[in-house]
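Let me begin by presenting the structure, written as structure tokens, before commenting on it.
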Amino acid sequence: MLITFSGLALGGIVAGFFGSLLGLGGGIFIIPMLNLIFGVEMRSAVAVSLVAVIATSSAAASVYVQERLSDIRLGMTLELATTLGAIVGGLLAGRLPREALTVLFGLLLLYTAGSMVRNIPAQGNSGGPSRDNSRKKVVPEYQVRNLSVGLGASFFAGNISGLLGVGGGIIKVPVMYLSMGVPLKVATATSNFMIGVTAAASAFIYYSRGDLDLLVAGPVVLGVFLGARTGSRIMHRVRAAYLKWFFVAVLLYTAMQMLLKGFNLHVLWF
Amino acid sequence: MPDIENTGQANIYISRVLLVGSGLGAGVIALGLLWFLLQPGNGNTLPAAPVTPFAQLADQLDHVGPLTVINLGLLLLMITPIVRVIIAVVSFFLERDRKYTLISLVVLAILLFSVRTALA
């Protein structure tokens, strides 16, 4: 009992720490860990991850909001789409077989690894800490463009979040930054502000289905919360670029395991 | 986009709510886990402990156990983002910003629709 608890909490700490250090959020590591190592069913793992995502988003966003980096109006507008997408995703997760969810998560891991390789920003620092991390409160003037593209991408991001239990920053931040003309720091902060609201939209659906297990969620959520706080605190001091290739390898390996499991093939040693 | 600085006061409230809500939730969960571990007679395997549906949660409040405490802590975390949206609604309203009051009201409605599924 105590050993399982400690294992879950430690796993949460590690996932939260590296997730926030790499700017990916905790979900991308927590779900494969629960599913592959602890044998937690996919939907339950997603439910736990959603609550962890809410906790870390609240803790992280409070910093960004205070620094006035997040554009609350833009965030609220895009949340119209992310919350709807999240509800659709959450309901869909109840209908898809667990193998399909496992395969989809494997594909998401591949996409994440690809984004890291190509240095596409997930949370503003996926390829290494940005050079400009002085805590300047001056936000450059910008004009939001392509709002319809942003709303479409947000719906999709919400969908992924509700279906697979991740924050969806890996989709929103690049779209805000590359297509909508939002500065990277603002895009990152706004995405962080939105993630908790998006996750809450589907978390209650998982709750109502009874997918959330108290004794799994408790230690994991606490662990992720602590790990993410530490990770985001030292984020600016660590050369994440050194970690990049190691984690690309971890993501690819995990993706392979999830895909094999999803297709009911023999699972290799983990 | 309107000036971000205008929402300064709301920013501070939202930031506090987020911090207090997430910290409180985590604290309550930690207490519940500790209580659970201190109880005698725990086996070696983790028993399945699904969350309690809202309707039955009220009944449990008469005889609160460690699992109820963990459940409440998780709910506290889950509710934090909703409170955040409510504050946004109020602050946009006070700024007489009709467009964004309406937008955040719709977001709130979507969230409450989701909560309603848990009530059913």
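In order, the protein sequence lines correspond to chains A and B. If you're matching positions, the first sequence starts at 771 in this note's numbering and goes up one per residue. If you're matching positions, the second sequence starts at -11 in this note's numbering and goes up one per residue. All residues carry an ideal CB built from backbone N, CA and C; glycine is no exception.
Option nearest Tyr912 (chain A) by Cα separation, candidates A:Ser949, A:Gly928, A:Gly938: A:Ser949
The region 59 to 78 of chain B in contact with the region 5 to 25 of chain B per 3-pair CB rule at 8 Å: yes
Length of the line joining the Cα atoms of Gly53 (chain B) and Thr872 (chain A): 35 Å
Neighbourhood of Arg4 (chain B) by C-beta, 7 Å cutoff - its chain only, sequence neighbours within 5 removed: none
Thr89 (chain B) at chain A interface by Cβ criterion, 8 Å: no
Cutoff 8 Å: Gly980 (chain A) Cβ touching any chain B Cβ: Under the Cβ distance rule, Gly980 (chain A) counts among the residues neighbouring chain B, one pair being separated by less than 8 Å.
Where Asp983 (chain A) sits in the DSSP three-state scheme: strand
Strand pairing of Pro38 (chain B), partner residues [DSSP]: A:Asp983
Three-state class that DSSP yields for Asn59 (chain B) in the structure shown: In the three-state reduction of the DSSP assignment, Asn59 (chain B) falls in the helix class, which pools H, G and I.
Cβ of Tyr977 (chain A) within 8 Å of any chain B Cβ: yes
Local conformation of Gln48 (chain B) per DSSP, three classes: The three-state reading of DSSP puts Gln48 (chain B) in helix, counting H, G and I together.
Any chain B beta carbon closer than 8 Å to Leu984 (chain A): yes
As assigned by DSSP and simplified to three states, the class of Gly1032 (chain A): The answer is helix: DSSP assigns Gly1032 (chain A) an H, G or I state.
Gly789 (chain A) - containing alpha helix (DSSP H), residue span: 772 to 791
Under 8 Å between C-beta atoms of Ala822 (chain A) and Ile798 (chain A): no
Burial state of Tyr976 (chain A), where buried means 16 or more other Cβ atoms lie within 10 Å: buried
Proximity test, Gly15 (chain B) beta-carbon vs the ligand ATP heavy atom, cut-off 7 Å: Looking for the ligand ATP in the displayed structure turns up nothing, as the structure carries no ligands at all.
The region 798 to 823 of chain A: positions lying closer than 8 Å to chain B by Cβ: Val821
Alpha carbon of Thr958 (chain A) to alpha carbon of Arg865 (chain A), nearest angstrom: 32 Å
Residue span of the alpha helix (DSSP H) that contains Leu752 (chain A), given as start and end: Shown here, chain A extends from 771 to 1040; a query on residue 752 (chain A) therefore has no answer.
Where the alpha helix (DSSP H) containing Met886 (chain A) begins and where it ends: 868 to 887
Whole-number beta carbon distance between Pro953 (chain A) and Gly782 (chain A), since they are thought to touch under 8 Å: Contact flag wrong, Cβ pair sits at about 32 Å.
Nearest-angstrom Cα separation, counted from Leu854 (chain A) out to Ala973 (chain A): Ala973 (chain A) and Leu854 (chain A): Cα-Cα distance of roughly 13 Å.
Classification of Arg86 (chain B) by the beta-carbon crowding that lies within 10 angstroms, buried from 16 upward: exposed
Residue-level contact to chain A via CB, Arg86 (chain B), 8 Å cutoff: no
Neighbouring residues, chain B, relative to Thr847 (chain A) (Cβ below 7 Å): Ile91
Between the CA atoms of Thr852 (chain A) and Thr968 (chain A) - distance to the nearest angstrom: 6 Å
Closer than 8 Å to chain A by CB, Gly13 (chain B): yes
Assigned exposure category for Pro867 (chain A) - 16 Cβ within 10 Å defines buried: exposed
Limits of the unbroken alpha helix (DSSP H) element including Asn929 (chain A): 917 to 934
Which listed residue (A:Trp1015, A:Tyr1012, A:Gly980) has its alpha carbon closest to that of Ala815 (chain A): A:Gly980
Coarse secondary structure for Ser840 (chain A), derived from DSSP in three states: coil
Contact set for Leu839 (chain A): own chain, Cβ-Cβ below 7 Å, skip 5 residues either direction: If you ignore the 5 residues before and after Leu839 (chain A), its C-beta comes within less than 7 Å of the C-beta of Val909, Lys955, Val956, Ala959, all in its own chain and listed in chain order.
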